[in-house]
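**Q** Below is one structure. I have some questions about it.
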Amino acid sequence: MNGGAAPDDAAGRDGAAGAASRARSDGTAEVARSSRPDLPPPGGAPVRVFGLSGAVVRRHHPDTLGALVDAADPDVVVAAPPESTVVSSLGHDVDPPVLTPGRGVAPAVASGPDDGVVVSLTADDDTEALLDATGGTAPRCVVSDALSLSVDPYERSTAVEGLADYRERLPDPWHAAAAHVVTTLRAGHETTVTGPTGPLSLVGVGTTTARLGAGVDSRVGDPTVVSVYSNGAVTTEPVDPESVGLRGVRDVGPARAETLREGGYTTVGDLAQARAPDIADLGGFGRSTARSIRAAARAVTDRTVVSTGDGALPRGDPVFVDVETDGLEASTAWLVGVLDGGPEDGRYLAFRQRDPDDTSHLEGFLTWLTGSAAGRPVVAWNGYQFDFPVIADQLRQHCPDRHQAWADTYQFDPLYWARDQGNAALPGRSNRLEAVAGALGWEPATAGLDGQTVAEVYVAWRTAVERAADPAAVDPPAWRRLERYCEDDVRALATIYDELRAAAGRDTAAETAQSGNGRQGSLSDFG
Amino acid sequence: MTHPDSSDHDTDSSTTGQTATTDGHDGQEPRRRADGGVADRSGTRRVLSEAVLRDSLPDYRGQVCHSRHLPGEPASTVPADEVLCDSLAGRLETELFSHQAAALDSLAGGENTVVTTSTSSGKTWVYALQIARNYLADPDSTALCLYPMKALTRDQENELNTKLRQDWGLDVSVGVYDGDTDAERKRRIRETANVVLTNPAGLNVYLPRHNKDSGWHRFYHNLDLVVVDEGHEYSGVAGTHVAWILRRLRRILAYYDAAPQFVLTTATIGNPARHAARLTGAEFTVVDEDGSPRGDRDVVLWEPPVDRSALDEAAEDPLADFEQARRSTGSEAASVTAHLALRDTQTLQFCRARQGTEIAARQVVAAARDHPEGGYVDVEPYHAGLGTQTRRAVENRLKGASVDAVASTNALELGIDIGSVDATVAASYPGTKQSFWQQVGRAGRGTSDALSVLVGGQDAMDAYILDNPDYLFDDGVEDAVVSVENDRVYADHLLAAAAERPLSAADAPYLGGERRLRETTEMWQDAGLLESVGDLDAGGVTYTGDARPQARISMYGTGGTEFRVVCRNGEIDHDPVAEERAYRDYHEGALFLHAGQQYEVVEVDETGRRPTIAVRRTQTDEYTQTQSTKRITDLAVEAHRSLAGDYDLYFGTGTVRITYDAYLVREVSTGEIVGGPHPTGAPPLDLRTELLWVALPPDHLQTTIDRLTGELDEELLTPTTRASTDRAVPAAEDRYTYGGGLHAAEHGVIQLAPLELMIDNADVGGLSTLGHDHETVPGPTWFVHDGIDGGVGFAKAIYEQFDTLAARTREHITDCSCDRRRGCPLCVMSEHCGNNNDPLDRAAGRLILDDVLAAVESAPDGSG
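From first to last, the protein sequence lines stand for chains A and B.
According to the numbering used here, the first sequence is numbered sequentially starting from 2.
According to the numbering used here, the second sequence is numbered sequentially starting from 166.
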């Protein structure tokens, strides 16, 4: 095993934080509260496991599924319920191996970078011999359908069922050191359970039969990539089938995708090459829609921004802003990251809270903004939906006398301007900041972090400080790394903004199209 | 949210007798009729006198079984300047009714106030004046008003605008904010409105915007008053949801340091303080002394005749046998309406039974034609399914007195302005006293005289009321029932609350109390829907589930599968159907009536993201009745009353597994079985729910049978052919007969529960059995359970009112004029019975209830 330091450490913090594991009277372990998430080792390459349900496969065209797997770029595809057996039909169409846990006569094994190993358990095989033979300090991952969640609101308890058998089947070194990817847990659900052989880190990539009430929207199993690092750290990322292939082109829904396929356009590349009048001739497309679809396809294939409207960008040098919060429904903005200048050479300022009650960083931000940066437009990606209202709400609560000054600034959301107002077609496979900037050639300096993880790290720290008898004794998180993550985001934003400006400067007469489809901003974009 | 056909309201200020003088008379002229004549007020009473009826009604057989004259009462008023500051009192041209004054006093004293007075007693005045008062003190002050239905919200917007702006000259900005409001107007309302009018389902989805928008921030920050209008509407499942939405609101308000007062208005209910408290979580002062004036009123009870010679005690299918022998409520009501309309008495007929309003309208026309004074009457149907324009046209014809009669669903119980009619006819009891009086109130509003007729329907409630008319006229009213105990509903609202703002320990007073909050938070953390590293005592717990959980909370169910209803050959505007009802009433092949139209279920699709019930319009003379088997397990006692001897009454939780396995097709007109039993294809349904059970002594079967066959000299019943094929029904005659007694007692208590409680007994189920393996059940028992997963408080309320309900049931079983051992739909038969009303025995049932009541009266704790 890989020294086991990180997971053992995690277990130790668990106890120290007071979230002791609870044992039920019948002896089965309940889910334990996990503490601060582990951050991936800088520079380590993860094993990428892509959970895909049969229901998703059944609902989408083979071209879309091909594009989906390309976008996910996994080492292994894992077939998940509902209808997991349908996924194996993909087998010959995709490169990575498809593992179907619970099926077959012997465990299947696949490999990833840095000697990473993925093992898929069958229904009841003896895995000891196989796993004993597989060692080293590589990332390792067990995929199974052997665990399930049950939620009972009347008993007010949640339990993971099948743990005792599961532990029995795995040799000890595979308990704490591996990531346990489960197709019978909800995609994206990460939890740590404790037990006699140490903690198990579970990650869902499918659907649960547990009744989760108003908390879940979908029962088809959202396609999700799990990245497993050598120290056992795990990150998850959803990949939306509606954001890839033809469906990933703005204004193309299921009906239009079908029309386009029937007309012989099966890839985004085909669309980018097409003449707008030919698209319009297929029926179901107005001329301006055809033009904007073609422009959107060109943006994707050429990895560039294509101007589609005549709206103007703000005058003046923008101030790029990104806030880090404690979750989607933010009750704090503990870090306001600001970039003053361009994507490469701009100066990065991090206004960060010093302790959980501290709000002086907000004062600091406003002092700088209304002083050194007075009169300049404030730019944030998806800012109208997230960053701007969060900042306004925080100021109203903590610095009411600053609220008006903030309200008087010129706030600009380039996502809204490009997508909702139809001024530009963007190249990303989704409209997430990282996806758009990545398509434009931007590369992050920090890997393996996302807004959700950063929020969790912050919340874990805040909780520990507020619970601790001596707050000063609580280990701080790697602030610098979190600030760097935020810096990545504002630099990504500046990259996009430069491209928007460049595209607006190019000759757009032939491409000008009206759009304004009025879609609401995606709330999944935060951080 | 609430079904549009099941509500009431009082809005129309034009007829709300706001008096200018202290004598209580509004000085209205007698209404001019279209023909230029004047309705003969004293005559309305006489048109239904025995003499007139005997002479003029072709088939009169003494159907009038009771009539009561209710004398009018003058208004009790208070000068406005005794209650209001001069600057406001000076704007009023009238005095206040005493209850309005009392409510305003209570509000001035800082109390939350519940006003429970009669229909059209001017309850709107109370909160309109409070809004005015708050506005005069602070022009930034805001108020939130919640109404059960969109249509009423628009009505109230007009009413508030008229009062506040036009009559009192205040620059108060009022806006309706709901699904029909466009985005631009919504933005303006958020930014500027003093008064926002919406419904609880809307508030559920708007609440999360509180910190995303400066308009909402302003609104909540300045909120001084929350109005919950028609609070009695919120019971059952919808009530539970509303209770949690209001708690979520209060929690967000606390965060804005806003502590608004609550005004809750309700129709007359028996437990206003408790109901208001359960609904909002706050304490209330009650104002219930009605100071509004009333005119003279006559109420007549009309019993459709039964042809007893046609009854066959040994009928294999007793329900059909009885329906054939009895004149239908619908055609009786039509005769009465026709009779009144022909005598120049404009009449509103309320229909409830299977027959639609269109059919009723045709029946009235036909009855008028057949009437000895025969002639033509102009009759219109009215129901929520009609287009707006059609409805407006009928409303205007009522107001203008240019129509003789209107056959309506209870849609016209609402406060829709139709002026007043001369008489109302109810084709069967509308289910609650509150609703009955609401209907009656449609005749002769204000101080004019009026006549109302209740034509008995075919169930135990109606029969009880015709036999015991005092029930209608005594002071007691039903209790409204709302519960916040359902843990599944609570768990969903906790997610919604977390998405509105991270949860913390300080939320406990609003969100279910310390222990429930902690345990359920932990449950969701473990399930991955709340941030697992968060802590209620430090920093809070953030929501991490899929965005917008509020949008997935349905007001119609407790979070189980919910079906949308689509029509294959036309349009249907039907609320989503919860699993519990779907399996019973919407299986494939089921026939049902909706907004006056009959539909058949053609396909039930439970797979996929949106489970669907596909129906098609149809027109048959049939209806369907579902049969079921039931098993009760996992009993856990929560409350217990030890009665005398070996008798015990329990309340607790348990699992009820119901299999709706087959259905029968019956003819509407005769009740005859014309098809089935057909399989429904529905899987078993498990309800974790609340129930009460009556545990009887182990030897009770024997002692009862001994008395029955000994001192009472009754014979044992012979099992029917059907019963011999039903494994759940005992085959031996003594067990069959005793089982029939238990079954009768169970049915009786459930069917008469609405006499005391405002509950929908279609959502209450029962099971009677000669033995059960739970430790609390040494002998025979019967259960009464909530028919909704998690429970909505119905069984609990029946448990609390058990003594009264059991006594009423005994009285009714004993007195029913059917004189049949196996009973009739007017006493112990139920159309919801999954066992085809077999076995039933009134004689054994009476002995069982006698014993239980004796045990109640001599209970050791003296609780009898």
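Even for Gly, the Cβ is constructed at its ideal location relative to N, Cα and C.
Less than 8 Å between the beta carbons of Thr902 (chain B) and Leu917 (chain B), yes or no?
**A** Stepping through the second sequence from its first residue, residue 902 (chain B) is reached at position 737. Stepping through the second sequence from its first residue, residue 917 (chain B) is reached at position 752. Judged by beta-carbon spacing, Leu917 (chain B) lies beyond the 8 Å limit of Thr902 (chain B), meaning their Cβ atoms are not closer than that value.
**Q** If contacts are defined as beta-carbon pairs under 8 Å, then His548 (chain B) and Thr522 (chain B) qualify, I think. What distance do you get, rounded to the angstrom?
**A** Working through the second sequence from its first residue, we reach residue 548 (chain B) at position 383. Working through the second sequence from its first residue, we reach residue 522 (chain B) at position 357. Confirmed, Cβ separation roughly 5 Å.
**Q** Using a Cβ cut-off of 7 Å, which residues of the stretch 646-661 of chain B contact any Cβ in chain A, in chain order?
**A** Asp652, Arg653, Ala656, Asp657, Leu660 and Ala661
**Q** Looking only at its own chain, which residues have a Cβ that is under 6 Å from the Cβ of Ser500 (chain B), when we skip the five neighbours before and after it?
**A** For the purposes of this step, residue 500 (chain B) is taken as the residue at position 335 of the second sequence. So the list reads Ala532, once near-sequence residues are dropped.
**Q** Assuming Ala692 (chain B) and Leu676 (chain B) form a contact by the criterion Cβ under 8 Å, report the distance between their Cβ atoms to the nearest whole angstrom.
**A** On the second sequence, residue 692 (chain B) is found 527 positions in, with the first residue counted as 1. On the second sequence, residue 676 (chain B) is found 511 positions in, with the first residue counted as 1. Not a contact, Cβ separation roughly 18 Å.
**Q** Output the distance between the C-alpha atoms of Pro239 (chain B) and Ser263 (chain B), rounded to the nearest integer angstrom.
**A** Locating residue 239 (chain B) in the second sequence gives position 74, counting from the first residue. Locating residue 263 (chain B) in the second sequence gives position 98, counting from the first residue. One C-alpha to the other measures close to 12 Å.
**Q** Mark Phe321 (chain A) as exposed unless 16 or more other C-beta atoms lie within 10 angstroms of its C-beta, in which case mark it buried.
**A** Here residue 321 (chain A) refers to the residue found at position 320 of the first sequence. Buried, since its Cβ has 16 or more Cβ neighbours within 10 Å.
**Q** So for Trp858 (chain B), helix, strand or coil by DSSP?
**A** For the purposes of this step, residue 858 (chain B) is identified with residue 693 of the second sequence, where counting begins at 1. Judged by DSSP in its simplified three-state form, Trp858 (chain B) adopts strand.
**Q** Using a Cβ-Cβ distance cut-off of 8 Å, determine whether Ala196 (chain A) contacts chain B.
**A** If you number the first sequence from 1, residue 196 (chain A) lands on position 195. Before going on, a small fix: residue 196 (chain A) reads as Gly here, not Ala. No, Gly196 (chain A) does not count as interfacial toward chain B.
**Q** Taking the alpha-carbon of Asp639 (chain B) as reference, which of B:Trp602, B:Ala308 and B:Gly622 has the nearest alpha-carbon?
**A** Position 474 of the second sequence, counted from the first residue, corresponds to residue 639 (chain B). Check the Cα spacing between Asp639 (chain B) and each of B:Trp602, B:Ala308 and B:Gly622: the tightest is with B:Trp602.
**Q** Could you tell me if Ala804 (chain B) is buried or exposed, where buried requires 16 or more neighbouring beta carbons within 10 angstroms of its beta carbon?
**A** Residue numbering aside, residue 804 (chain B) sits at position 639 when the second sequence is read from its first letter. Flag for Ala804 (chain B) reads exposed.
**Q** So, with DSSP's three-state summary, where would you put His843 (chain B)?
**A** Along the second sequence, read from residue 1 onward, the residue named residue 843 (chain B) stands at position 678. It is a strand residue.
**Q** By a C-beta neighbour count over all protein chains shown, 10 Å radius and 16 as the cutoff for buried, is Asn424 (chain A) buried or exposed?
**A** Mapped onto the first sequence, residue 424 (chain A) falls at position 423. With 16 or more Cβ atoms within 10 Å of its Cβ, Asn424 (chain A) is classed as buried.
**Q** May I have the straight-line CA-CA distance separating Asp951 (chain B) from Cys998 (chain B), to the nearest angstrom?
**A** Taking the first residue of the second sequence as position 1, residue 951 (chain B) is located at position 786. Taking the first residue of the second sequence as position 1, residue 998 (chain B) is located at position 833. In a straight line, the C-alpha of Asp951 (chain B) is about 15 Å away from that of Cys998 (chain B).
**Q** Between the beta-carbon of Leu261 (chain A) and the beta-carbon of Leu272 (chain A), is there less than 8 Å?
**A** Taking the first sequence and counting its residues from 1, one reaches residue 261 (chain A) at position 260. Taking the first sequence and counting its residues from 1, one reaches residue 272 (chain A) at position 271. Yes, Cβ-Cβ distance for Leu261 (chain A) and Leu272 (chain A) is below 8 Å.
**Q** For Met688 (chain B), which residues from the same chain have a beta carbon less than 8 Å from its beta carbon, with the 5 sequence-adjacent residues on both sides left out?
**A** By one-based count along the second sequence, residue 688 (chain B) stands at place 523. Only residues of its own chain outside the window of five on either side were considered, and among them Ala656 have a CB closer than 8 Å to the CB of Met688 (chain B), listed in chain order.
**Q** Strictly below 9 Å CB to CB, what residues from chain B border Pro477 (chain A)?
**A** Residue 477 (chain A) sits at position 476 when you count from the first residue of the first sequence. Those within 9 Å of Pro477 (chain A) in chain B number zero; the least Cβ separation is about 15 Å.
**Q** Applying the 10 Å Cβ sphere with the 16-neighbour rule, what's the burial state of Thr101 (chain A)?
**A** For this step, residue 101 (chain A) is matched to residue 100 along the first sequence. Answer is buried; the Cβ neighbour count reaches 16.
**Q** Please identify the residue among A:Phe51, A:Ala178, A:Thr290 and A:Asp311 whose C-alpha is closest to the C-alpha of Asp76 (chain A).
**A** Here the question's residue 76 (chain A) lines up with position 75 in the first sequence. Asp76 (chain A) has its Cα closest to that of A:Phe51, out of A:Phe51, A:Ala178, A:Thr290 and A:Asp311.
**Q** Report the option in A:Arg502, A:Ala147, A:Pro82 and A:Cys400 whose CA atom is closest to the CA atom of Ala319 (chain A).
**A** In the first sequence, the residue the question calls residue 319 (chain A) occupies position 318. The sequence given here has Pro at residue 319 (chain A), not Ala. For Pro319 (chain A), the nearest C-alpha among the options comes from A:Arg502.
**Q** Using the Cβ count rule (16 or more neighbours within 10 Å means buried), how would you classify Tyr541 (chain B)?
**A** Counted from its first residue, the second sequence places residue 541 (chain B) at position 376. It counts as exposed.
**Q** Going by beta carbon distance, what residues of the same chain come within less than 7 Å of Ile107 (chain B), once the five residues before and after it are set aside?
**A** Nothing in the structure corresponds to residue 107 (chain B), since chain B is present only between 166 and 1029.
**Q** For Cys516 (chain B), does the three-state DSSP call read helix, strand or coil?
**A** In the second sequence, the residue the question calls residue 516 (chain B) occupies position 351. Three-state DSSP puts Cys516 (chain B) in a strand.
**Q** Going by C-alpha to C-alpha distance, which of B:Cys230, B:Asn326, B:Asp811 and B:Tyr721 sits closest to His865 (chain B)?
**A** Taking the first residue of the second sequence as position 1, residue 865 (chain B) is located at position 700. The residue with the shortest Cα to Cα distance from His865 (chain B) is B:Asp811.
**Q** Span of the alpha helix (DSSP H) holding Phe638 (chain B)?
**A** In the second sequence, the residue the question calls residue 638 (chain B) occupies position 473. Asp635 to Phe638 is the extent of the alpha helix (DSSP H) around Phe638 (chain B).
**Q** Would Thr284 (chain B) count as contacting chain A if we go by Cβ distances under 8 Å?
**A** In the second sequence, the residue the question calls residue 284 (chain B) occupies position 119. Judged by the 8 Å Cβ criterion, Thr284 (chain B) is not in contact with chain A.
**Q** Does any C-beta atom of chain A lie closer than 8 Å to the C-beta of Pro943 (chain B)?
**A** As a first step, residue 943 (chain B) is located in the second sequence; it is residue number 778 there, counting from the start. Judged by the 8 Å Cβ criterion, Pro943 (chain B) is not in contact with chain A.
**Q** Let me check understanding here. Comparing Cα to Cα, which of A:Thr496, A:Ser202 and A:Gly163 lies closest to Ala180 (chain A)?
**A** On the first sequence, position 179 is the one that residue 180 (chain A) refers to. For the residues A:Thr496, A:Ser202 and A:Gly163, the minimum Cα distance to Ala180 (chain A) belongs to A:Ser202.
**Q** Please determine, among B:Ala893, B:Cys981, B:Glu879 and B:Gly724, the residue with the shortest C-alpha to C-alpha distance to Val957 (chain B).
**A** Position 792 of the second sequence holds residue 957 (chain B). Residue B:Gly724 is the option with its Cα nearest to Val957 (chain B).
**Q** For Pro428 (chain A), I'd like the list of residues in its chain whose CB is within less than 8 Å of its CB, leaving aside the five on either flank, ordered along the chain.
**A** Residue numbering aside, residue 428 (chain A) sits at position 427 when the first sequence is read from its first letter. Same-chain partners within the cutoff: Ala300, Val301, Asp303, Arg304, Thr305, Val306, Val437, Ala440 and Leu441.
**Q** Tell me, please, whether the CB atom of Pro357 (chain A) is closer than 8 Å to any CB atom in chain B?
**A** Working through the first sequence from its first residue, we reach residue 357 (chain A) at position 356. At least one chain B Cβ lies under 8 Å of Pro357 (chain A).
**Q** State yes or no: is the C-beta of Ala446 (chain A) within less than 8 Å of the C-beta of Asp489 (chain A)?
**A** Residue mapping note: residue 446 (chain A) aligns to position 445 of the first sequence, counting from 1. Residue mapping note: residue 489 (chain A) aligns to position 488 of the first sequence, counting from 1. Contact check for Ala446 (chain A) against Asp489 (chain A) passes: the beta carbons are separated by less than 8 Å.
**Q** State yes or no: is the beta carbon of Met688 (chain B) nearer than 8 Å to at least one beta carbon in chain A?
**A** Residue 688 (chain B) sits at position 523 when you count from the first residue of the second sequence. It does: the Cβ of Met688 (chain B) has a partner Cβ on chain A nearer than 8 Å.
**Q** Tell me which same chain residues have a C-beta within less than 8 Å of the C-beta of Glu879 (chain B), skipping the five on either side of it?
**A** Translated into positions along the second sequence, residue 879 (chain B) becomes position 714. Answer for Glu879 (chain B): Leu873, Arg986 and Ala1008, listed in chain order.
**Q** Name, please, each residue of chain B whose Cβ falls closer than 9 Å to the Cβ of Ser158 (chain A).
**A** Here residue 158 (chain A) refers to the residue found at position 157 of the first sequence. Those are Glu684, Glu687, Met688 and Asp691, listed as they occur along chain B.
**Q** Can you pull the chain A residues whose beta carbon is under 8 Å from the beta carbon of Gly1036 (chain B), in chain order?
**A** In the structure displayed, chain B extends from 166 to 1029; residue 1036 (chain B) sits before or after that span and is not available.
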